[in-house]
Every structure is written in structure tokens, then in C-alpha cells.
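**Q** What follows is a single structure, and I will ask about it in a moment.
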Amino acid sequence: MKTKAIWLGASLAATAALTTPVLAQERVPAVEIYTTTEAYDPIRYEGAFIIAEAWRELGLDVTVSPLEFRTLLDRFYSEQEFDATILGWSGRVDRLDPQFFLGTLDSRQAGLGANNPGGYANPDYDALFDAQSREFDIGERQRIVHEMQDLYMGDVPVVVLFHRDEVVAYNNTAFTNMNAMAGEGLYSEWVPMEAEPVGERTTLRIGGPQEPDNVNPLASTSVWGWKWMRLYYDRLVRLSPDVEPVPWAAESVEAVDEVTVDVTLREGMLWHDGEPVTAEDVAFTFNYYMNSEYSYFNAYLAPIASVEATGDLSVRFNLSEPSAPFATITLSQIPILPKHIWEGIDNPEDLTPDQIPTVGSGPFVFDRYDRGEFMSLSTNSDHFHADNIAVDGVEFLIYADAEGVFTALQTGQIDMTAWRMEPGQIPLAEGNDDLTVVSVPDFGYFHMTFNTRRAPFDDRAARRALTMAMDRERMVNVLLDGRGEVGTTVVAPVNAFWHNPFVERFEYDMDAARQELEDAGYSWDDEGRLVR
Amino acid sequence: MSRRTYLIKRVLQAIFSIWIIATILFFLFRMGLPDPTAALITEGLNPEQRAAVRAQFGLDAPLWQQYVLFLTNAVQGEFGTSFSYRAPVSEIVWERLANTMILMLMAIILAYGIGVPLGAWLSWRRGSRTDTAGIFVGLMFRSAPMFWTGMIAILIFGVWLSLMPTSGMRTLPYDADGFWDKVLTLDFLWHAVLPVMIVALYYLGSPLLIMRNTMLEVYGEDFIEMARAKGLRERDILYKHAARNALLPVVTQLAVTIGLAAGGQVVVEVVFSWPGLGREILNAVRTSDFPLAQASFLIMAAFVITLNLLVDILYTTLDPRVSFR
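Residue numbers (the numbering used here), protein chains in the order written: chain A, 1 to 532; chain B, 1001 to 1325.
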């Protein structure tokens, strides 16, 4: 409930002496901060109180309302019924391309249910967004992306609170050459291909508390489904640990002109059932996805007008408009499916688990998946990358919670954790000689988004002042135990090429915050409440 | 009232209760839980794409239509398709229920197999140190939270001694076709030891204390006096006369325990990563997987109601004093 208390007499008397043109000032409306419950995420919960405390000091009436996670998502995205909300975006590899995160401030995404619930609207920003997504020259695109960050930062429609390091661990008596990747931790697509056994067991065992929703490439809408499926389906391009697109099933990717891309496949690739992989399969897969009900990949597929096989191993992509992220995102995220298996399936989203085809062409072959228990893959010795793979297979053990995962890691039942460890487990793991703890920076971020349609957040100066009142340093040091980094722009510092380090940083400074408010015509009444 | 009319009446009552519960569940989840597609936003789906997913789930139809469809399907034992697994709900629920029941039944049999005779014995030695110790142990495990006893057991037997497996139902890699193939192995039993022990210790207190206290009441009855007067041995009086008459409350308790067992002991299933129904229910509610949550809760409720019905009928056989009125 937002109550607008009108304080004519008192505030008039108090401010008349200070400001010459006497205006009727009224109290800034009370604000409610939505955040997660303590049980869901103590960090975001505590963070809300740190912010609320400082805002109260500035004379704002603040309440913190922790909400059940799904309810929080609903309020924020579907209903846009909020003043300020603390949420986060996970760092998925395809989000290393700036397209996605920059899009969360595009005014055309401000509708109900879309990615810009705060409603930031800046026509210049939108124009630059279009320009960068069409720009093929990477240096020029970088310049535009940097400019966009600089442009929106002054307006602070969203505050990137912090980037939380992903802290994972593996058993060094079982495997070596485990290279963690930003945003992915150890459970990247490369670790299973690079890991080298040093113990008796030659299958890499991963343990985690999350499992795929399903392994239907036309129904799965979870990261956990795709993190597993990408091990047995090939993509045309894979993103290297340094997040550069590496030709994978494609031998070459060539831009004929701005809207035409030719892809040539590697020779001699085989499906796991022995059939050859051809250009027909690739063209079929993209068309199949574009014609399906499955919407998970829609953003990736959006730039494509048509795909056709132009030879046994050559495919032509016709784009509807120039798209810079096409090669990095689209080609690296869409799996290639075997035409001879899928072409007969009309309603792929309705397949029951035992009907779902699992034939891919990837470096691992699907073995089995027992829901709630485990999944396994064996190494594909016919794969072009097989000589570089040291493990005989990959197994994923599903646990009920992070506690179970950690016990399994300690007792050698698993070799690595798929998901970040609980803060309390980190020192235990560090004290265990058999375990190596790896900490990788994340380019996903936790943010506070202001509803720019509502007072006081409709005012740029108020947003700026309230941002200066956020002690994000303290959040990182206290809440994250130093395992993280204070946020700047939506493009994280670890994403060095796209990140613009020369933007306004909004260091914690209560005096500057007060000054900012005063300059914008705010003042304080007898009770110390902020008025305008 | 004849036995037949009584039976028919009780069965109809049971069916009515189940229908009420089904209805409450249906509306409760739809009103109380957030939209199941809410989580898809964080995956980057736009509103149109989410609407398409809602339509796929059948959530775009009017509520009453969804309700009628739900009931017609439920009557035929069909519960639709799980939103997140995209698999038939009945398949998931039965598999998980079997996993839960096997764990719970082993624990219940152990708890009652030990608790009932032990309770009877303690009542015989009432007031002694053994009695006090027995009651203390029973109450202690009854009141200790299972996540704690479970974690202590894991720490001692799993981490320190490296004796026992601490999670799941079997060792990898395995190959099993069908439920019995999976369960009838030494490996499975080995995995079940810790969770079964923890649940059994927790359950032990009820039969132990109920049996002991009812026995004490029975000792005061005239027929025990009579048996003593006839010069029967104490042991015979205890087990043949007193114990049989003290069983009734224990049977009630047993039925309720088995009934509630269908929901599993969520805590134990989580601590030991046991793939049971309790864990699944938790997930279903978390992800707003309406079909899966509805079916799980409905089956749990149906279990409790059916077992209560069975007990009522069983009473008439166990205790001739219970009449059909």
C-alpha cells in the first residue's frame, strides 16, 4: 500500500527558510523492495536490508518484502507490480555476446512479461541497440556497445549489485586438467573433453542437485537439460573457454555478404547410429526448429529467413537482416538433429521420455537417464575430436540438495560439482587435500531494478542518489565473503572485450547522495523525511 | 445395520472425501501457486512465447473446463502430463511411490516388529531402570529431527568410516529392468540400511509407548486377574492374554503410519537423495507443476482414506466388541 501523505503546513514552514520560491512539497511515496526469501537466497535477502537501511537514512520510507521465488518472478515480469526488485540473470555462455543483457534495457522489451520490466525508455539507446546488432565489423560493434553502457549508466534504470564468483571443486586424486570457464564453472562442455583421469576410474562423475526437466531437444526449457544434451549433440560452432567461436561441426563459416552465410561441414562425420551427417540434416534442423512450437530458441533463430542445403556438405543461411551475434550465438546454440529420425515426428513436444530420440553426432553417446538418479554417456570413438578425449564416458549423479553433493565429493563418489558450493562448504573443501577448489568470476549478475514508471524512481536524480546510497562493497565483502565483484554495467568486467570500464561507477557515498537529491530540489521535513 | 450396508456406506463416504480433496487440490494449486511459466522468463522467453507454452499446458482454457477434464481423467487413473518432465504423471508418481513405499515399509516393519514386543516387555518391567531407559530412547529418537540424525549417520558411517553408501538406491553403473529387478539386490539393501534405520528409529517410539501404556491399562482388567488366579505363568499372561488385547490402538497407529508413509519422509529422502515421492512433491510445488502436484497429493490422500477404511473394517474382525452402528 502506498500512502501519499501530504504535509502542507509542516514542510512548508520547514523549507520556506531554505528555498526561495515557496512550493508545496510533499513526501516522497513509501517504497517497497521485493527480494527473495531468506531460505531461497540469503544473499539477496540480506542485500535488500543493507539497501533499505541506507535509504531510510536518506529519509525514505522503505519496507522489504521477501517473496517466494516464482511469485517474485511473476510480480516483476508478468505484472510489473513493484517499486524496486532484487533479482538476477544467470551467466549462460550465449549471454557473453552483449546482445541479451543490453536487450534488457531496450524500451521495446518493456511490455508485460518481457525482459525490461523497469520500463527504461531511451530512444538513443534503442537506436544504438539496433545498430550494434547489425554491425558486422567487430571493432565498430565494440565501440557502439561501449557507448550504450556509457549512455544508460548515468540514468541508472538498473543497478548491477554484484557478480558472484562461482566456487566449485573437483577431486584431484581422480582427475586432472580441469579448467573452469567463466559463467560455466567446471560443468562446461569442454571439461568432459579435457579431463584426464589419474585414478582408477576413467569415467568422469559429475554430481549436482539439479537435473534436466527432460532431454527432448524440442521441449527442454532448462539450462540443465541443455548442459547435458550439448555433450551428445554437435553444434556448427562451439564457444571456446575464452568464448571465441570455434568451428566445430562446421569446417568453415563464411559471410558471403551481410545477409548470406555459407557453412561447410566437416567431412566424414557420423550419427551415433552410423548414418552420415550431411548438409540436409543441418538445413532440416534449422527449418524444423523454426516451424516448431518450441520457443526456447526463438531469439537465436529470429535473424534467419531461410536455410538450404547447397551441396552434400554445404549449407546456406539467408538472414532477414544483418545480425552480428549470428555466428557466436545462433550457430553455437542450435544442436544438429538427424533428419532421418526426426522428419517422421510431427508433434515432437508431446514425446514421452521413452520415445525421445537421443541420437546425436557429438563427442559422447547417450547411454541412459534415470530420472532423479543418474544419467550417463559414453565416449564416441568415431568423433573427429575423439583423439583428444581421455575419459571413457561421463556420468551425472543427481542429488536432492547441495549437502548430498558435497558428501559425495568428500567420499569420492563423484569427481566434481556441477553447481556452486554452499558458502559453508568452501572452507571444508579447501581444508581437504584431495579437493581442489576453483573460483571463477561470473558474468551473470544480481541486480536491483527500479520501476521507472513510479515515483520516486521515475526521477533520474532520485535513482542516481539512491544508487549512491548502496554499499555494494559491503555486500561483496560481507555477504559474499569477498567471493565476487561489485557490479558496474550489465556487461560484466570479466567479459573484457565488450565491457566498458570507463563509465560512472556510483561509489557508496551518502553525502554525494544527499547532494544529488538537494540539487534536484528535494529536501527534508521536520521528521527527516524526504520531500519534494 | 447389516455388515453390507455398513460397508457400502463407508466406501461411498471414502469416495466422497477423495472427490472433495481432489477439488480442493485443483483450485488450491491454481490459485495459490504462481504461474508455471514464470520461470521461463529467466530463460529469456518473451510474452508470446510464454503464452504458447501456457496453451501447450492447457492453461488457456476456462478454469471449469480444466477442472472437468482433470476429474474425468482422474477417474480413469490418468493425471495428464507433467509440465516440466513432459512425461505422463501416472508413470512418474507410481515409480516414485514404489521407491518411497519400499523404504517406508521396511522401516515400519522394523519399527513395529521391534517396538510392539519391546513395549510389552517394558510394561512388564514397569518402573525398573530398563523401563526408564527404554522410554528415554524411544522418546529421544521420536523427538530428534531426522535431518539431524540422518546427517550424523552419514557423517559417521559414510564420511568417517567410509562403510556405507550415503545417497541414492544403488551403485553405479547399474542395469536394471523393472522395479523388482532393481530392488531385489544386495546392493539395494546396502543402500537402504542407513535411511531405513533412521526412519525406523524415528517410528520406534510410537508402537513402543502405545503398547507399553495400553498393556498397563490391560493389566488392571478382571480377566488378567482371572488368568493369574488360574495360576498361568506370567509370560503366558503377558503375551497370550494381555498383549493381544492391547494390540488395537497399535493397529490404528500402524494404519495411519502406513497411510501417511505414501508422502514419504521428505526430510529423509532429501538427506539420503532417495528418489521418492516426497522429494518429487517438493519439486512439483516449487516448479508449479500442477498435474504432478495434484496427482501426488491426491494419491497420498487416497492412501490415508483407504487405509482408514480398511482399519475400520479390520476392527470388526479384531475386536468383536466393535459393532456396525
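Ideal placement from N, C-alpha and C gives every residue a C-beta, glycine not left out.
Keep in mind the model is a prediction, meaning the values are calculated, not measured.
Starting from the beta carbon of Ser1085 (chain B), find every residue of chain A whose beta carbon is closer than 8 Å, and list them in chain order.
**A** What sits at residue 1085 (chain B) in the sequence shown is Tyr, not Ser. In chain order: Asp213, Asn214, Pro353 and Arg371.
**Q** Contact check, Ala1038 (chain B) vs Leu60 (chain A) under 8 Å by CB: the rounded distance?
**A** 29 Å between Cβ atoms; not a contact.
**Q** Have a look at Phe1147 (chain B) and Tyr1202 (chain B) and give me their C-alpha separation to the nearest angstrom.
**A** 11 Å
**Q** From Gly362 (chain A) to His272 (chain A), what does the alpha carbon distance come to, in whole angstroms?
**A** 8 Å
**Q** I need the straight-line Cα distance from Val307 (chain A) to Asn380 (chain A), nearest angstrom please.
**A** Rounded to whole angstroms, Val307 (chain A) to Asn380 (chain A) spans 28 Å at the Cα level.
**Q** Let me know if Pro98 (chain A) comes out buried or exposed under the rule of 16 or more other beta-carbons within 10 Å of its beta-carbon.
**A** buried
**Q** Does DSSP put Trp1019 (chain B) in a helix, a strand or coil?
**A** Three-state DSSP puts Trp1019 (chain B) in a helix.
**Q** Say whether the region 390-404 of chain A touches the region 235-243 of chain A, bearing in mind that this needs 3 or more beta-carbon pairs closer than 8 Å, one atom from each stretch.
**A** no
**Q** Please confirm whether Ala1284 (chain B) has its beta-carbon closer than 7 Å to some beta-carbon of chain A.
**A** no
**Q** What residues in its chain sit with their C-beta under 7 Å from that of Ala13 (chain A), if we drop five residues either side in the sequence?
**A** Low local confidence applies: a pLDDT of 42 at Ala13 (chain A) is under 50, so the model's placement there is unreliable, with the coordinate-based value given in what follows. Same-chain partners within the cutoff: there are none.
**Q** Keeping to the same chain, check which residues put their C-beta closer than 7 Å to that of Thr202 (chain A); ignore five residues upstream and five downstream.
**A** Val391 and Asp392
**Q** Excluding five sequence neighbours on each side, which residues of the same chain lie with their C-beta closer than 8 Å to the C-beta of Gly528 (chain A)?
**A** Gly59
**Q** Once you ignore the five residues that flank Gly1278 (chain B) on each side, which residues in its own chain have a CB closer than 7 Å to its CB?
**A** Thr1100, Gly1263, Gly1264, Gln1265, Val1266 and Glu1269
**Q** Strictly under 7 Å for the Cβ-Cβ distance: is Asn1046 (chain B) near chain A by that measure?
**A** At a cut-off of 7 Å, the C-beta of Asn1046 (chain B) has a neighbouring C-beta in chain A.
**Q** So with CB distances below 7 Å, who are the chain A contacts of Glu1269 (chain B)?
**A** Identification of chain A residues near Glu1269 (chain B) by a Cβ-Cβ cut-off of 7 Å yields Ala400, ordered along the chain.
**Q** Measuring CB to CB, does Gly118 (chain A) end up less than 7 Å from Asn451 (chain A)?
**A** yes
**Q** Just list the residues that DSSP pairs Ser523 (chain A) with in beta bridges.
**A** A:Val531
**Q** Quick check on DSSP: helix, strand or coil for Arg1086 (chain B)?
**A** coil
**Q** So the alpha helix (DSSP H) Met1215 (chain B) belongs to, where does it begin and stop?
**A** Leu1186 to Tyr1219
**Q** Rounded to a whole number of angstroms, what is the C-alpha to C-alpha distance between Thr278 (chain A) and Arg235 (chain A)?
**A** 13 Å
**Q** Excluding the 5 residues flanking Glu473 (chain A) on each side, which residues of the same chain have their C-beta closer than 7 Å to its C-beta?
**A** Val486 and Tyr508
**Q** Cβ closer than 8 Å: which chain A residues qualify as neighbours of Gln1294 (chain B)?
**A** Ordered by position in chain A, no residue passes the 8 Å Cβ test against Gln1294 (chain B), which lies about 17 Å from the chain.
**Q** Would you kindly check if the distance between the Cβ of Leu231 (chain A) and the Cβ of Leu377 (chain A) is under 7 Å?
**A** yes
**Q** Apart from the five residues on each side of it in sequence, which residues of its chain come closer than 6 Å, Cβ to Cβ, to Leu331 (chain A)?
**A** Leu236 and Val237
**Q** In the DSSP assignment, find the unbroken alpha helix (DSSP H) run with Thr1149 (chain B) in it and report its ends.
**A** Met1146 to Ala1153
**Q** Are there 16 or more other CB atoms within 10 angstroms of the CB of Gly1138 (chain B), so buried, or fewer, so exposed?
**A** buried
**Q** With 16 as the cutoff for other CB atoms within 10 Å, does Ser1296 (chain B) come out buried or exposed?
**A** buried
**Q** Contact check, Trp228 (chain A) vs Met375 (chain A) under 8 Å by CB: the rounded distance?
**A** 6 Å
**Q** Cβ of Leu73 (chain A) less than 7 Å from any chain B Cβ?
**A** yes
**Q** What residue does the alpha helix (DSSP H) around Ser1296 (chain B) start on, and which one ends it?
**A** Phe1290 to Leu1318
**Q** With 16 as the cutoff for other CB atoms within 10 Å, does Gly1168 (chain B) come out buried or exposed?
**A** buried
**Q** Can you determine whether any heavy atom of the ligand FMN sits closer than 6 Å to the C-beta of Tyr45 (chain A), and answer yes or no?
**A** Of ligands this structure carries none, so the ligand FMN is not represented either.
**Q** How would you write the range of the alpha helix (DSSP H) that Ser332 (chain A) sits in, first residue to last?
**A** Start and end: Thr330 to Gln333.
**Q** Cutting at 7 Å between CB atoms, please list the residues of its own chain near Tyr1085 (chain B), excluding the five before and the five after it.
**A** Ile1092
**Q** With which residues is His447 (chain A) paired in a DSSP beta bridge?
**A** A:Leu87 and A:Val160
**Q** Mind checking the region 1247-1277 of chain B against chain A and listing, in chain order, the residues whose C-beta falls within less than 7 Å of any C-beta there?
**A** Glu1269, Val1270, Ser1273 and Pro1275
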